[in-house]
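So the structure is just underneath, and the comments pick up after that.
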Amino acid sequence: MKLFTTKEGNFSIQVLNEREEHVGELLFGVINGLNERIKIGSEIYKIEGTGFLWKDIRVLDESGKVVLIIDSSKNRLFYYGNSTEIYTYQFKSWLHKELLLYDSQDKLVLALSYKQTLLKLKYVLEIDEDFNHDLIILSFLNFYLRDVLNG
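Laid out in structure tokens, this is it:
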């Protein structure tokens, strides 16, 4: 498993790979939940809350096309790339708030958790060696921040 970490800014969270290289970034507005975006290289994706209490997430590309949906009622993630990929997720521990993402063959591809440091939380992403979907990684981190840590 690859180990990714995060670095927090004022209105953003950067995801860094094992070599401390920038993978992508979550961008936040001044008001939490409004104007959330994902930046990967020069591409910017918009994050929309949908469904009951805005717990579901839709990610749109710059042209407004839906590229990813997280369905919280069924614990599923849909990625619309060259082909549609379906993932499922589950919470492993209430106390440590670990969130696990599985592919369609029930193989663990991503595990998200946090560690408490002196002044803030540090997020840890364990990613399967063959899993290279940066958009899914950043969208899943956004979901983790929204729904798991904020209640």
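All residue numbers for the sequence shown refer to this note's numbering, where the first residue is 3 and numbers rise by one.
Where a beta carbon is used, it is the ideal one built from N, C-alpha and C, also for glycine.
Computed from a predicted structure; not experimentally measured.
Would you identify the three-state DSSP class for residue i, choosing helix, strand or coil?
| i | result |
| --- | --- |
| F13 | coil |
| F1 | Residue 1 cannot be examined here, being either before or after the span of the chain that is shown, 3 to 153. |
| F142 | helix |
Can you give me the Cβ contacts of residue i inside the same chain, cut-off strictly under 6 Å, excluding the 5 residues immediately before and after it?
| i | result |
| --- | --- |
| T52 | D58 and R60 |
| Y82 | V69 |
| S106 | I88 |
| E27 | S14, Q16 and K41 |
| V138 | Val is not the amino acid found at residue 138; the sequence shown has Ile there. Within the same chain, I138 has close Cβ partners Y81. |
Provide the residue span of the beta strand (DSSP E) that contains residue i, from first to last.
| i | result |
| --- | --- |
| L127 | L123 to I129 |
| Q118 | L110 to Q118 |
| L79 | R78 to Y82 |
| L101 | E100 to Y104 |
Which same chain residues end up closer than 8 Å to residue i when comparing Cβ atoms and leaving out the 5 residues on each side of it in sequence?
| i | result |
| --- | --- |
| K122 | E10 |
| E131 | M3 and K4 |
| F54 | S75 |
| E100 | F93, K94, A113, L114 and S115 |
Can you find the residues in the same chain that come closer than 7 Å, C-beta to C-beta, to residue i, ignoring five residues on each side of it along the sequence?
| i | result |
| --- | --- |
| N77 | T90, Y91 and Q92 |
| H24 | Q16 and L18 |
- Sequence ranges, beta strand (DSSP E) only - wholly within the stretch 20 to 74, length at least 3: 24 to 29, 39 to 42, 45 to 52, 58 to 62 and 68 to 73
- Query: Counting Cβ pairs closer than 8 Å, one from the stretch 38 to 47 and one from the stretch 105 to 122, do we hit at least three?
  - Reply: no
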